[in-house]
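Counting from 1, position 248 in the sequence shown corresponds to residue 248 in full-length UniProt numbering; the numbering is continuous, with no gaps.
Following: one structure in C-alpha cells, then a few remarks.
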Amino acid sequence: MAVMLDWHSKGQGSDLVLIHGWGMNGAVWQDVIPALAEHFTVHWCDLPGYGNSGEVSAESLVEITQAVLAQAPLQATWLGWSLGGLVATQAALMAPERVTQLITLASSPSFMAREGWRGIKPDVLINFQSQLASDFTLTVERFLALQAMGSPTARQDIKNLKQAVLERPMPDPTALALGLRLLETVDQREELSQLTQPWLRMYGRLDGLVPIKTEVVITKLCPQSSSYIFQSASHAPFISHSEEFISVVHQFICKESVG
C-alpha cells in the first residue's frame with residue numbers, strides 16, 4: 001500500500017486546497033484556516049518529505065504534484081504559496097479538470113534570476129545548498145528570516161513561521177534539497193499560456209524573493225489572469241496581512257464561482 005500524505009480538511013462549501021512553501025509544512029496555514037473554513041471546505045497537507053509526510057518521497061515537481069492530486073478533491077480551487085505556487089500551477093497544467101481556479105501567492109513561474117528576468121540571485125540559492133549539507137535547521141531558519149524581511153511585523157511573522165515548522169517533524173534533508181533544486185531550475189513561463197482556469201496572482205510589494213516587477217511581466221504574458229498586490233507585505237502576506245488575504249481570496253473565489 002502506498003504511503004499517503006498527511007492530509008486535513010475543515011469547513012463547508014466549495015473545496016479549497018492550500019499548498020505550503022519550501023521548508024514549511026501544513027501548519028503554516030493555522031492562523032487563516034478558521035476564517036477560510038467559514039466559507040469553504042479547506043484542505044491542506046504536508047508535501048512529500050515535510051512534517052508528518054516524512055515517509056513520502058518525490059524526486060521531481062511532477063511527482064510532488066501527483067502525490068497531492070492523489071488525495072485532493074476531484075474539483076477544487078488550488079492556492080499555492082511560494083514553492084507551493086509551482087505545485088498548484090503544475091496541477092492546473094496536468095489536471096485542468098481538477099483545478100477549477102488557481103491562486104498563486106508570493107510565487108513565480110521562474111524563481112531564479114535569468115537573462116531578462118528578475119528573481120533570486122544564484123548566489124543566494126548556492127549558499128542555501130552548501131549549508132544544507134552541514135546544518136539544514138540553520139538553513140531553514142535563515143530562509144524564514146528572508147520570508148518575513150521587509151514586513152512591518154517581521155519579528156512576529158518569523159515567530160509564527162517557526163512555531164508552525166517546529167510543531168511538526170523537521171523536513172527531510174532530501175526534500176529540502178529537491179525544493180531548492182526546483183527553485184533553481186523550474187521555469188514554467190512558456191507553459192502559462194496553456195492555463196485555462198481563472199487565475200489570481202498575489203504578491204507582496206516588499207518581497208525579496210519574488211520581485212514585484214515580475215507582476216507586470218506576467219500580466220503581459222497572461223492577460224487573462226488577474227493580480228493583487230499587498231502594499232506593505234513581504235513574502236508571507238497570509239501571515240503579516242491575514243485579514244486582507246482572507247478577504248481577497250474570498251472575493252476572488254466567490255466572484256469566479258458566480259461568473
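For every residue, glycine included, the Cβ atom is placed at its ideal position computed from N, Cα and C.
Just so it is clear, the structure is predicted and the values come from calculations on it, not from any experiment.
Tell me which residues share the same chain as leucine 180 and place their Cβ nearer than 8 Å to its Cβ, disregarding the 5 neighbours each side in the sequence. Correct list, in chain order: Trp22, Leu125, Phe128, Gln129, Leu132.
Candidates Leu166, Ile103, Ile212, Arg155, of which the one nearest serine 225 by Cα: That would be Ile103, whose Cα lies nearest to the Cα of serine 225.
Pull up the distance between the alpha-carbon of glutamine 12 and that of isoleucine 33, whole angstroms please. Approximately 12 Å between the Cα atoms of the pair.
Spatial distance of leucine 79 from serine 232 (CA atoms): Approximately 21 Å, taken between the alpha carbons.
For residue 307 and serine 57, I'd like the C-alpha separation in whole angstroms. Here the chain has residues from 1 to 259 only, and residue 307 is not among them.
Could you please give the first and the last residue of the uninterrupted beta strand (DSSP E) stretch that includes glutamine 101? 99-105 is the extent of the beta strand (DSSP E) around glutamine 101.
Closer than 6 Å by C-beta to glutamine 147: which residues in its own chain qualify, once you throw out the five before and the five after it? Chain order, please. Counting only Cβ-Cβ distances below 6 Å, and skipping sequence neighbours, we find His235, Ala236.
Measure the Cβ-Cβ separation of glutamine 197 and glutamine 101 and say whether it is below 8 Å. One thing to note: glutamine 197 has its Cβ within 8 Å of the Cβ of glutamine 101.
Tell me, which residues are paired with threonine 41 by DSSP? Note: threonine 41 sits in a beta bridge opposite Gly11, Asp15.
Are leucine 161 and valine 28 closer than 8 Å when you measure CB to CB? For leucine 161 and valine 28, yes; Cβs fall inside 8 Å.
So histidine 43 and alanine 76 are supposed to be a Cβ contact under 8 Å. How far apart are they, rounded? 7 Å between Cβ atoms; contact.
Residues near glutamate 141 by beta carbon distance below 7 Å, same chain, minus five either side: Cβ neighbours of glutamate 141 beyond the five flanking positions: none.
Residues that threonine 77 bridges to, as DSSP identifies them: Assignment of beta-bridge partners to threonine 77 by DSSP yields Leu16, Gln101.
Leaving out five residues on either side along the sequence, give the residues of the same chain with a beta carbon under 6 Å from the beta carbon of tryptophan 199. Only Leu102, Ser225 meet the Cβ criterion.
Which runs of the beta strand (DSSP E) at least 3 residues long sit entirely within the segment 177-219? Give them in chain order. Taken in chain order, the unbroken stretches of beta strand (DSSP E) that lie wholly in the segment 177-219 and span 3 residues or more are 199-204.
Which residue marks the beginning of the beta strand (DSSP E) containing phenylalanine 230, and which one marks its end? Residues 226-230.
For arginine 142, the three-state DSSP class (helix, strand or coil): Residue state, collapsed to three classes: helix.
Endpoints, the alpha helix (DSSP H) within which residue 305 is located: Residue coverage of the chain in this structure runs from 1 to 259, which leaves residue 305 outside it and unanswerable.
In the DSSP assignment, what are the bridge partners of methionine 112? DSSP, once it has assigned bridges, lists Ile120 as partnering methionine 112.
I'd like to know if glutamate 97 contacts chain D, where contact means its C-beta is closer than 8 Å to some C-beta of that chain. Absent from the structure: chain D. Only one protein chain is present.
Spell out a yes or no on whether the segment 41-55 and the segment 165-179 are touching, meaning 3 or more CB-CB pairs, one atom from each, closer than 8 Å. Yes, the segment 41-55 touches the segment 165-179.
Which same chain residues end up closer than 7 Å to serine 108 when comparing Cβ atoms and leaving out the 5 residues on each side of it in sequence? Cβ within range, chain order: Gly119, Val210, Thr214.
Let's see if you can read the secondary structure: which residues bound the alpha helix (DSSP H) around residue 273? Past the edges of the chain, shown from 1 to 259, lies residue 273, and the structure says nothing about it.
Simplified DSSP state of cysteine 254, which is helix, strand or coil: Cysteine 254 falls in the helix class under three-state DSSP.
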